[in-house]
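S.K.: Under my numbering, the first residue of the sequence shown is numbered 5, with each subsequent residue one higher. Beta carbons are placed, not taken as given, at the ideal position from N, Cα and C, and that holds for glycine. Shown below is the structure under consideration.
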Amino acid sequence: RILQSQRRRRGSNLSLAGVISGDLQASLSFADKKIDNGEIVLNLSGGSLTDINLMGFKINKLDYEKVTVQISVENDKANVKQMELLSKEVVLNVLGEVLLNQNLPLSSVNLLVKIKPTPNLLKELGIPPVLLKKNRDKEGNITMRIAGTFSQPRIDF
């Protein structure tokens, strides 16, 4: 029911720490005790993310209605088929792929991210809404591509 994870690496921009709570269903299978083949499916509902630090952005608490993740892994390539977070503060959708490296921060990423944050969330993250105004579509979504590696991501709007 509660999953707590903390992963920090010295000299890396990648850090994720926090507590995830809600209803969790997962199916995961890997062959040969290494990341080769498998599938990850997560369905979370009615929970919260707390004390999250992702690439320098900190969120104290984010209540969500639904989180859906579907990732397939084959030959050291993770295909993000669906990653969606729905909350009152943000709607987030992620699609793309990650070429997995045994040293995870060096894994190559190619992700398309669509995010619709509220002004409250932008304030908590310390991002003035005016900075993102030109990058929003008519519905208020911000679309960006994340490339590079987990430790050295490049974000293009």
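1) So, with DSSP's three-state summary, where would you put Asn47?
2) Using alpha carbons as the reference points, say which of Ile63, Leu99, Glu43 lies closest to Asn124.
3) Does the beta-carbon distance from Asn114 to Glu93 come in below 8 Å?
4) Taking the straight line between their C-alpha atoms, what separation do you get for Gly51 and Gln74?
5) With a cut-off of 8 Å, do at least 3 Cβ pairs link the region 77-93 to the region 101-111?
6) Grouping DSSP H, G and I as helix and E and B as strand, with all else coil, what is Lys85?
7) Residue range of the alpha helix (DSSP H) that Lys127 falls in?
8) Is Pro132 buried or exposed, if buried means 16 or more other CB atoms sit within 10 Å of its CB?
9) Can the beta-carbon of Lys127 be found less than 8 Å from the beta-carbon of Thr147?
10) Give the single residue among Asn145, Val95, Pro109, Ser155 whose Cα lies nearest to the Cα of Tyr68.
11) Give the secondary structure of Gly15 by DSSP, where H, G and I count as helix, E and B as strand, and everything else as coil.
12) For Gln10, name the three-state secondary structure that DSSP assigns.
13) Hey, could you find the ends of the beta strand (DSSP E) Leu103 is sitting in?
14) Give the DSSP bridge partners of Asn209, in chain order.
M.R.: According to the structure data:
1) strand
2) Closest by C-alpha distance to Asn124, out of Ile63, Leu99, Glu43, is Ile63.
3) no
4) Looking at the backbone, the Cα of Gly51 and that of Gln74 are separated by about 18 Å.
5) Taking 8 Å as the limit for Cβ pairs, the verdict is that the region 101-111 does touch the region 77-93.
6) Note: Lys85 maps to strand in three-state DSSP.
7) 123-129
8) exposed
9) no
10) Of the candidates Asn145, Val95, Pro109, Ser155, the one whose C-alpha sits nearest the C-alpha of Tyr68 is Val95.
11) Per-residue confidence for Gly15 stands at a pLDDT of 38, beneath the threshold of 50, marking its modelled position as unreliable; the derived number appears in the next sentence. Here Gly15 sits in coil by DSSP.
12) Because Gln10 sits at a pLDDT of 36, beneath the cut-off of 50, its placement in the model cannot be relied upon, and the following sentence gives the value as read from the coordinates. Secondary structure of Gln10 (DSSP, three-state): strand.
13) 94-103
14) The chain is shown from 5 up to 161; residue 209 falls before or after that span and cannot be answered.
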